[in-house]
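S.K.: Next up is a structure, given as structure tokens.
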Amino acid sequence: MTRSGEIQLQRVTKRFDPTVAVEGIDLTIPDGSYCCLLGPSGCGKTTILRMIAGHEEPTDGRIRIGRDDVTGLPPVRRGTAMMFQSYALFPHMTVVDNVAYNLRMRGVGKAERRRQARAMLARVHLDAFAERVPAQLSGGQQQRVALARALITNPRVLLLDEPLSALDEFLRLQMRGELKRLQRELGITFIHVTHTQLEAIALADLVVVMDQGRIEQAGSAHAIYNEPQSAYVARFMGGQNVLSGKVTTVADGQATLLSSEGDRFALPFQGTADFAGTLVHCAVRRDRIKLKKVAAAGRSGQVNALAGEVYAIEYQGSYVKVTLDVPGWPDFVANVPDDRFFAMPVDIGDAVLARWLAKDVRMLEADLGRASEAAGEIGLYKQELGLAQA
Amino acid sequence: MRQRSGRRPWTFYALAAFFTLFVLFLYGPMSAIYILSFQGPSGGLTFPMNGVSLNWFYALFEQQRTGDFAGSFGRSITLAICVLVLTVTISIMAGLAFRRRFFGAGLIFYLAIASLIMPGLLVSLGIGLMFQFLGIRPNWYTSALGAHLTWTLPFGLLIMFAVFSRFNRAYEEAARDLGASNWQILWTVVLPILFPGIIAVALFGFTLSYDEFPRTMVTVGPRNTLPLEIWVMTTNVTSPALFALGTVTTAVSFLVIALALGSIALIQRRRTRQIIREAGRAA
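Below, the structure is given as structure tokens:
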């Protein structure tokens, strides 16, 4: 068994008749990286984690860790360790016996395994609680015990199933930092399943956004947040307004779209005029939108400008989240920096004009031409942009 | 609470009265038996007490006068322990098996549960007839043992179902993840966590067998278990020895329950002691 914690999923499918939990997934997670599998519940992220751990077997496809094909191997022979969502600490054993469990199964003598378990507990600052039973610990302490119990196996990959979901907000942020620090210290691969976007962005080197058993997008946190490739990712990650329209003109690396509502949007576009009539989805960051009070709401007629009424205002500390009621564009939000907002405040019910620059708009490539007839051309277009995947 | 403690609703008094009646009905006649079992040597079957003695307890163990009390008592205890061991073992295995749906699971379950509603005497009669047909002499440790199991196993099974339904499978997965084999998972994780439920199954197995009458009637063979012996004695013993018998059997039942509860308490105490030790070290 190599020590490398690189993970390769090759065409992995998992069916629980009659549903398909995971469908034909290809994914490589580099050795020593912090990877977050992110998606709504039921998207298949936990199933992937459990297949890597060996608690489920894929219906189809191979799983490799390092250079070893581990498909079909029992969990203990994979060099992985899993931390369960409920922690699954054995309630009838003391903390030190919980941590020493793996050593006990490997036949290490009682004195020696307890010594090692105590050393591991010291590492998570719980040595003072060694003789307690799990029920006498707080949620945060239980989580650290679960972590110590997993790490004592000296794994090359640590699998974490929603590790922070049972903690309150304060502890969650604290443990989040501790997990990241621990991963850097140990240098092993961490795979962390979560449904919280901010958690994934804060922790991960590699974020894998999933939906309905498929990978929507995998990339760095920065790329996922700033360069979503589909409307799904843009909406799920938040921070973006998703717009769409059909191409009317293409000129000078810029396209103009006309929405079904009659709004016009301009965005950077590398294609040719052949794309006229193609449906294009695009996203504009919420914090790039400027608001201006106007006399009355109504179609603005301008490019990259939407008129609407202020529907809700939420103060977020460093910025103010202003939700607008724009006909045809539900959930249109502008995140206004707090100093700018309070210099020119708006109120609920005010008519405003929301404007942004063409350079701040990004086309959602994965959705190009979805619900469009020009399918053949799109393949060509993708090749031009170097988007075509082998 | 909305109401002050001085003004309880009328339902409180109704239920309190009902409970008092229940307690009186349960323990009233029994305590009379316990008291009368200490009747003086010249006393009779009714009050008043004519002195206090252990005379009738001695009389109980003299076989020629009152029937084979000591022998039947020993047989009943042995039988109950056999039933306990078998019930616990089989119920645990069945509980494990029923966690995954297998072919015929529903049918087997209903077949097992059906024996709860079948009249015990009929079960006994059937088993007795079958033994006769096969030419095997019925005996307390063969036919009666089987008859008792038809009664205790469904109970054990139902308890194990309830216990397993609350058992988090993540414990097993965690153990497997940490390198435990299937046997190690069973012995170090599943059984210890299910231990209170297993005690309950054991208690049911023992007590249901120990005082079982109808299912023993035809299946017991030549030598009686205690409940049958008591039945015989009530018809031919006319001394307070009968009451002494009641006192002794009740004492055994309480002893068994105390043992069961005590073993659970002991485990919890051991855990608490560890905590006190730990707290002492910290101070």
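So the sequences go chain by chain: Z and S. Numbering of the first sequence is given in my numbering, commencing with residue 268 and proceeding in unit increments. Numbering of the second sequence is given in my numbering, commencing with residue 829 and proceeding in unit increments. Beta carbons: idealized from backbone N, C-alpha and C, even for Gly.
Any idea if Asp441 of chain Z is buried or exposed, counting beta-carbon neighbours within 10 angstroms, 16 or more meaning buried?
M.R.: Locating residue 441 of chain Z in the first sequence gives position 174, counting from the first residue. In the sequence as presented, Asp is not what sits at residue 441 of chain Z; that position holds Gln. Exposed, because fewer than 16 other Cβ atoms sit within 10 Å of the Cβ of Gln441 of chain Z.
S.K.: Between the C-alpha atoms of Ser659 of chain Z and Gly333 of chain Z, what's the straight-line distance to the nearest angstrom?
M.R.: Nothing can be reported for residue 659 of chain Z: it is not among the residues displayed for chain Z, which extend from 268 to 657.
S.K.: Just to confirm before moving on: does the CB-CB distance between Ile319 of chain Z and Ile458 of chain Z stay below 8 Å?
M.R.: Residue numbering aside, residue 319 of chain Z sits at position 52 when the first sequence is read from its first letter. Residue numbering aside, residue 458 of chain Z sits at position 191 when the first sequence is read from its first letter. In this structure, Ile458 of chain Z lies closer than 8 Å to Ile319 of chain Z by Cβ.
S.K.: Tell me whether the beta-carbon of Gln507 of chain Z lies closer than 8 Å to the beta-carbon of Val551 of chain Z.
M.R.: As a working note, residue 507 of chain Z is residue 240 in the first sequence. As a working note, residue 551 of chain Z is residue 284 in the first sequence. Yes, these two residues count as a Cβ contact at 8 Å.
S.K.: The stretch 960-987 of chain S: which residues have C-beta closer than 8 Å to a C-beta of chain Z, in chain order?
M.R.: Listed in sequence order: no entries.
S.K.: Quick one: which unbroken beta strand (DSSP E) runs of 3-plus residues sit fully inside the stretch 544-587 of chain Z? Chain order, please.
M.R.: DSSP runs (the beta strand (DSSP E)) wholly in the stretch 544-587 of chain Z: 546-552, 557-560 and 572-582.
S.K.: In this structure, does DSSP put Trp596 of chain Z in helix, strand or coil?
M.R.: Residue 596 of chain Z sits at position 329 when you count from the first residue of the first sequence. Here Trp596 of chain Z sits in strand by DSSP.
S.K.: Taking 8 Å as the cut-off, decide whether the C-beta atoms of Gly538 of chain Z and Val509 of chain Z are in contact.
M.R.: Looking up residue 538 of chain Z in the first sequence gives position 271. Looking up residue 509 of chain Z in the first sequence gives position 242. No, they are not a contact pair.
S.K.: Between which residues of its own chain and Phe536 of chain Z is the CB-CB distance below 7 Å, once the five residues before and five after are set aside?
M.R.: As a working note, residue 536 of chain Z is residue 269 in the first sequence. Same-chain partners within the cutoff: Val517, Gly520, Gln521, Ala522 and Met630.
S.K.: Tell me the rounded alpha-carbon separation between Ala641 of chain Z and Lys513 of chain Z.
M.R.: Mapped onto the first sequence, residue 641 of chain Z falls at position 374. Mapped onto the first sequence, residue 513 of chain Z falls at position 246. At Ala641 of chain Z the pLDDT is 36, less than 50, meaning the model places this residue with poor confidence; the figure from the coordinates comes in the next sentence. Each residue's Cα considered, the two are about 12 Å apart.
S.K.: So the candidates are Z:Ser527, Z:Ala367 and Z:Arg411; which of them puts its Cα closest to the Cα of Arg382 of chain Z?
M.R.: The residue you call residue 382 of chain Z lines up with position 115 of the first sequence. Measuring from the Cα of Arg382 of chain Z, the nearest candidate turns out to be Z:Ala367.
S.K.: Could you tell me the distance, in whole angstroms, from the CA atom of Glu1000 of chain S to the CA atom of His322 of chain Z?
M.R.: Here the question's residue 1000 of chain S lines up with position 172 in the second sequence. Here the question's residue 322 of chain Z lines up with position 55 in the first sequence. Their backbone Cα atoms lie some 10 Å apart in a straight line.
S.K.: Taking only the alpha-carbon atoms, compute the straight-line gap between Gln275 of chain Z and Arg331 of chain Z and give it to the nearest angstrom.
M.R.: As a working mapping, residue 275 of chain Z is identified with position 8 in the first sequence. As a working mapping, residue 331 of chain Z is identified with position 64 in the first sequence. Using only the alpha carbons, I get a separation of about 5 Å.
S.K.: Quick one: is Ile941 of chain S near chain Z, going by C-beta distance under 8 Å?
M.R.: The residue given as residue 941 of chain S occupies position 113 in the second sequence. Judged by the 8 Å Cβ criterion, Ile941 of chain S is not in contact with chain Z.
S.K.: Evaluate the contact criterion for the stretch 1043-1058 of chain S versus the stretch 943-956 of chain S: three or more CB pairs, one atom per stretch, below 8 Å.
M.R.: As far as the Cβ criterion goes, the stretch 1043-1058 of chain S touches the stretch 943-956 of chain S, which means the pair count is three or higher.
S.K.: Less than 8 Å between the CB atoms is what I'm expecting for Leu573 of chain Z and Ser300 of chain Z, so what's the real figure, rounded?
M.R.: Looking up residue 573 of chain Z in the first sequence gives position 306. Looking up residue 300 of chain Z in the first sequence gives position 33. That belief does not hold up - the Cβ atoms of Leu573 of chain Z and Ser300 of chain Z are roughly 40 Å apart, past 8 Å.
S.K.: Can you pull the chain S neighbours of Pro314 of chain Z, defined as C-beta to C-beta under 7 Å?
M.R.: Taking the first residue of the first sequence as 1, we reach residue 314 of chain Z at position 47. At residue 314 of chain Z the sequence reads Thr, which differs from the Pro that was named. Near Thr314 of chain Z there are no residues of chain S at all, since even the closest Cβ is about 14 Å away, more than 7 Å.
S.K.: State yes or no: is the beta carbon of Ser904 of chain S nearer than 8 Å to at least one beta carbon in chain Z?
M.R.: Stepping through the second sequence from its first residue, residue 904 of chain S is reached at position 76. Judged by the 8 Å Cβ criterion, Ser904 of chain S is not in contact with chain Z.
S.K.: Nearest by alpha-carbon distance to Asp598 of chain Z: which of Z:Gly529, Z:Val475, Z:Arg553 and Z:Val613 is it?
M.R.: Walking along the first sequence from the start, residue 598 of chain Z turns up at place 331. Of the candidates Z:Gly529, Z:Val475, Z:Arg553 and Z:Val613, the one whose C-alpha sits nearest the C-alpha of Asp598 of chain Z is Z:Arg553.
S.K.: Counting only runs of 3+ residues fully inside the stretch 326-379 of chain Z, write out the beta strand (DSSP E) ranges in chain order.
M.R.: Runs of the beta strand (DSSP E) inside the stretch 326-379 of chain Z: 327-332 and 347-350.
S.K.: Just checking, does the stretch 389-396 of chain Z make contact with the stretch 974-987 of chain S on the three C-beta pairs under 8 Å criterion?
M.R.: No, the stretch 389-396 of chain Z is not in contact with the stretch 974-987 of chain S.
S.K.: Relative to the C-alpha of Leu864 of chain S, which candidate in S:Leu854, S:Tyr855, S:Pro876 and S:Phe853 has its C-alpha closest?
M.R.: Residue 864 of chain S sits at position 36 when you count from the first residue of the second sequence. Closest option to Leu864 of chain S, Cα to Cα, is S:Pro876.
S.K.: Rounded to whole angstroms, what's the CA-CA distance from Tyr841 of chain S to Tyr354 of chain Z? Just pull it up for me.
M.R.: Working through the second sequence from its first residue, we reach residue 841 of chain S at position 13. Working through the first sequence from its first residue, we reach residue 354 of chain Z at position 87. Taking the straight line from one Cα to the other gives about 47 Å.
S.K.: In angstroms with no decimal places, state the Cα-to-Cα distance between Lys281 of chain Z and Met350 of chain Z.
M.R.: By one-based count along the first sequence, residue 281 of chain Z stands at place 14. By one-based count along the first sequence, residue 350 of chain Z stands at place 83. Cα to Cα, the separation comes out at about 21 Å.
S.K.: Taking only the alpha-carbon atoms, compute the straight-line gap between Leu388 of chain Z and Ile1021 of chain S and give it to the nearest angstrom.
M.R.: Here residue 388 of chain Z is taken as the residue at index 121 of the first sequence, counted from 1. Here residue 1021 of chain S is taken as the residue at index 193 of the second sequence, counted from 1. Answer to the nearest angstrom: the Cα atoms are 23 Å apart.
S.K.: When you compare the CB of Pro837 of chain S with every CB in chain Z, is at least one pair closer than 8 Å?
M.R.: Within the second sequence, numbered from 1, the residue matching residue 837 of chain S stands at position 9. No, no contact with chain Z.
S.K.: By alpha-carbon positions, which one of Z:Val570, Z:Asp592, Z:Gln484 and Z:Asp605 ends up nearest to Leu624 of chain Z?
M.R.: The residue given as residue 624 of chain Z occupies position 357 in the first sequence. For the residues Z:Val570, Z:Asp592, Z:Gln484 and Z:Asp605, the minimum Cα distance to Leu624 of chain Z belongs to Z:Val570.
S.K.: Find the nearest neighbour of Leu620 of chain Z within the set Z:Ile315, Z:Val593, Z:Ala601 and Z:Lys559, judged by alpha-carbon distance.
M.R.: Residue numbering aside, residue 620 of chain Z sits at position 353 when the first sequence is read from its first letter. Residue Z:Lys559 is the option with its Cα nearest to Leu620 of chain Z.
S.K.: Would you report the Cα separation of Leu939 of chain S and Thr848 of chain S, rounded to the nearest angstrom?
M.R.: Residue numbering aside, residue 939 of chain S sits at position 111 when the second sequence is read from its first letter. Residue numbering aside, residue 848 of chain S sits at position 20 when the second sequence is read from its first letter. C-alpha separation (whole angstroms): 39 Å.
S.K.: Within a Cβ cutoff of 6 Å, which residues of the same chain sit near Ile556 of chain Z, ignoring the five residues on either side of it in sequence?
M.R.: The residue you call residue 556 of chain Z lines up with position 289 of the first sequence. The residues are Ala601, Ala621 and Trp623.
S.K.: Got a sec, what are the start and stop residues for the beta strand (DSSP E) Asn508 of chain Z sits in?
M.R.: As a position in the first sequence, residue 508 of chain Z is number 241, starting the count at 1. First-last of the beta strand (DSSP E) with Asn508 of chain Z: Gln507 to Ala518.
S.K.: Check Gly871 of chain S in the structure and name its three-state DSSP category.
M.R.: Here residue 871 of chain S is taken as the residue at index 43 of the second sequence, counted from 1. Residue state, collapsed to three classes: coil.
S.K.: Taking the alpha helix (DSSP H) that Arg669 of chain Z falls in, what are its first and last residues?
M.R.: With chain Z covering 268 to 657 only, the question about residue 669 of chain Z has no answer from this structure.
S.K.: What three-state label does DSSP hand Glu290 of chain Z in the structure shown?
M.R.: Indexing the first sequence from 1 puts residue 290 of chain Z at position 23. Looking at Glu290 of chain Z - three-state DSSP - the assignment turns out to be strand.
S.K.: Measuring only between beta-carbons, confirm whether Asn421 of chain Z sits less than 8 Å from chain S.
M.R.: Within the first sequence, numbered from 1, the residue matching residue 421 of chain Z stands at position 154. No - not a single Cβ of chain S is within 8 Å of the one on Asn421 of chain Z.
S.K.: If you count every other CB in all the chains shown that lies within 10 Å of the CB of Gln1096 of chain S, and 16 or more means buried, which is it?
M.R.: The count along the second sequence starts at 1 and reaches residue 1096 of chain S at position 268. Exposed, since its Cβ has fewer than 16 Cβ neighbours within 10 Å.
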